[in-house]
Amino acid sequence: AVFTKDGKTIYFTRNSYIDGQKELDKSKKHKTLRLSLFKAEKTGENTWSNVEELPFNNKAYSVAHPALSPDGKRLYFSSDMPGTLGMSDLWYVDILENGTYGTPVN
């Protein structure tokens, strides 16, 4: 997980293990755990809310291990999404001024 400099936003990894069930990977015909990135906002002393899944997550691959650039305008992560040069690669996505995200870049 990584926090923004002001400590008001966290980006974190969560797996797909829900209610004791793994998701079925149809391409491999077995159940597997996928990782996804989420964002949450601090809304109180010990309260986090507005949890949202990042838009470039996908059930076909994992997206995990977030890190922010020093200026907080770029989010780095690892993924095995299409375009990966090996089994898994480092990617980044720009965080735009309006709070949306650019296209992931390998």
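14 is the number of the first residue of the sequence shown in the numbering used here; add one for each residue after it. For each residue, glycine too, the CB sits at the ideal point set by N, CA and C.
Query	Result
7 Å Cβ shell around Gly20 - same chain, five flanking residues per side excluded	Lys55
Assigned exposure category for Ser62 - 16 Cβ within 10 Å defines buried	exposed
Identity of the residues DSSP links to Phe25 by a beta bridge	Phe51
Neighbourhood of Arg87 by C-beta, 8 Å cutoff - its chain only, sequence neighbours within 5 removed	Leu81, Tyr105, Val106, Asp107, Ile108
Ser101 - DSSP class collapsed to helix/strand/coil	coil
Coil, strand or helix - Pro95 by DSSP	coil
Ala14, DSSP secondary structure in three states	coil
First through last residue of the beta strand (DSSP E) which encompasses Thr60	60 to 66
Buried versus exposed, by CB contacts within 10 Å (16 or more), Met100	exposed
Distance between beta carbons of Phe90 and Ala77, contact taken as under 8 Å	6 Å
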